[in-house]
Amino acid sequence: MNKIFRYELRRMVFSKFYLGLSAVAIWYGWQILNTTTILGTAHTAPFSPWSFGSYLSQLLPLLCVALLFLVWNQCSNTALRTGVLTTTAAQNPGVYRLVKCGAAAAAWLLLVLLLAALGVGFLLALFGRDVPVGEYVAPALAAVLPPMILLLGIGLLAGQIHASLLFPMMALVFGIGFLPLPDSLDLYSGALFSQYPLTLEYLDPTFSMPLSSVTGKCAMVLIGAAAFIYTQRPELFHIHKRNVPWSA
Numbered sequence: 002m003n004k005i006f007r008y009e010l011r012r013m014v015f016s017k018f019y020l021g022l023s024a025v026a027i028w029y030g031w032q033i034l035n036t037t038t039i040l041g042t043a044h045t046a047p048f049s050p051w052s053f054g055s056y057l058s059q060l061l062p063l064l065c066v067a068l069l070f071l072v073w074n075q076c077s078n079t080a081l082r083t084g085v086l087t088t089t090a091a092q093n094p095g096v097y098r099l100v101k102c103g104a105a106a107a108a109w110l111l112l113v114l115l116l117a118a119l120g121v122g123f124l125l126a127l128f129g130r131d132v133p134v135g136e137y138v139a140p141a142l143a144a145v146l147p148p149m150i151l152l153l154g155i156g157l158l159a160g161q162i163h164a165s166l167l168f169p170m171m172a173l174v175f176g177i178g179f180l181p182l183p184d185s186l187d188l189y190s191g192a193l194f195s196q197y198p199l200t201l202e203y204l205d206p207t208f209s210m211p212l213s214s215v216t217g218k219c220a221m222v223l224i225g226a227a228a229f230i231y232t233q234r235p236e237l238f239h240i241h242k243r244n245v246p247w248s249a
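First residue of the sequence shown? That's 2 in our numbering, and the numbers climb one at a time after it.
Structure, rendered in structure tokens:
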């Protein structure tokens, strides 16, 4: 299975789409850093965890569409035809699907890490030792992991039904970024990084999240995990009704 994982990961990372997407994402990230992040977010410093989280949240619409495309790439007819041979060799279709899912997630996370490194490098070049790199971990995880788990699970479920369902999902996911959603439904955490710091009493406050954001992100993780488990073990979700005799 390790060979299959490496093959799938290499196939995606060196594809023309992935390389082109990486170039576009790097260019877009550079524009955000030079026009928005450099000014600081919500009256915080440009190198604050809030500004770094806002940088990632602005990239997420593009990244989430890319994640769904990678899932589609694994569910497409070409991938399925290739999978017939590798699945036969592996003798375990369920594990094979899990490996393909892991390869898609790994390829996506590599792109996220590349963009995060771009942001950190940009800030270090400008502000040196003032940059609290360690404090960027929490906002980065809060911004990236919940939408990744949600879309990966729902995307795989939709792809099992029909791969073409992923295209309207891409349009929907991209459009959500332009809607003024409450914290609990904010897929990209835009309000969390740009508005929530303004409600706190101190300038440049330590990164934290309101209960509504925590609840929403936990719900995203649970829904995505449930959808993913359903794609692997649908029998766990079958409800068996007991026949109760009618009383006279």
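C-beta atoms are modelled at their ideal positions from N, C-alpha and C, and glycine is treated no differently. The structure presented is a predicted model; accordingly, all values stated were derived computationally and were not measured.
Sorted by chain position, which residues of the same chain lie with C-beta nearer than 8 angstroms to GLY160's C-beta, five sequence neighbours on each side aside?
VAL72, TRP73, GLN75, CYS76, LEU166 and LEU167
Specify, as a first and last residue, the run of the alpha helix (DSSP H) that VAL174 falls within.
167 to 177
If we call anything under 8 angstroms between Cβ atoms a contact, is SER52 one with THR38?
yes
How many whole angstroms separate the CB atoms of LEU61 and ALA117, which I take to be in contact at a CB cut-off of 8 angstroms?
Rounded, the Cβ-Cβ distance is 12 angstroms, inconsistent with contact.
Shortest alpha-carbon distance to GLY120 belongs to which of ALA106, PHE48, ALA105 and GLN196?
Considering only alpha carbons, the answer is PHE48.
Have a look at LEU63 and VAL174 and give me their C-alpha separation to the nearest angstrom.
About 9 angstroms.
As a quick exercise: from ALA26, LEU34 and THR232, pick the residue whose alpha carbon is nearest that of VAL113.
ALA26
The alpha helix (DSSP H) spanning TYR8 covers which residue range?
3 to 14
Give me the residue from TYR29, VAL14 and ARG98 with the minimum Cα distance to PHE229.
ARG98
Could you check if PHE128 is buried or exposed, using at least 16 other CB atoms within 10 Å of its CB as the buried criterion?
exposed
Comparing C-alpha positions only, which one of LEU124, GLN32, THR200 and ALA24 sits nearest to TYR137?
LEU124
What separation, rounded to the nearest whole angstrom, lies between the Cα atoms of TYR189 and SER209?
16 angstroms
For TYR29 and LEU158, I'd like the C-alpha separation in whole angstroms.
30 angstroms
Measuring only the C-alpha atoms, how far is TYR8 from LEU110?
17 angstroms
Rank PRO211, GLY54, VAL215 and GLY21 by C-alpha distance to the C-alpha of GLY135 and give the top, closest one.
GLY54
Between ILE33, LEU193, ALA139 and GLY217, which has its C-alpha nearest ALA43's C-alpha?
LEU193
Could you check how far apart the C-beta atoms of LEU153 and ALA106 are, in whole angstroms? I think they sit under 8 angstroms.
6 angstroms
Work out the CA separation of VAL66 and MET171 for me, nearest whole Å.
5 angstroms
Tell me whether the beta-carbon of LEU69 lies closer than 8 angstroms to the beta-carbon of GLY156.
The answer is yes: Cβ separation under 8 angstroms.
Which value, in whole angstroms, describes the spacing of the CA atoms of THR45 and LEU201?
11 angstroms
How is TYR203 classed by DSSP in three states: helix, strand or coil?
coil
What is the rounded straight-line gap between the Cα of ASP205 and the Cα of TYR197?
12 angstroms
For VAL100 and ILE5, which I take to be in contact (beta-carbon distance under 8 angstroms), what is that distance rounded to the nearest angstrom?
5 angstroms
Can you tell me the Cα-Cα spacing of PRO246 and TYR231, whole angstroms?
Bear in mind that the predicted position of PRO246 carries a pLDDT of just 47, short of 50, making it too unreliable to give a figure here.
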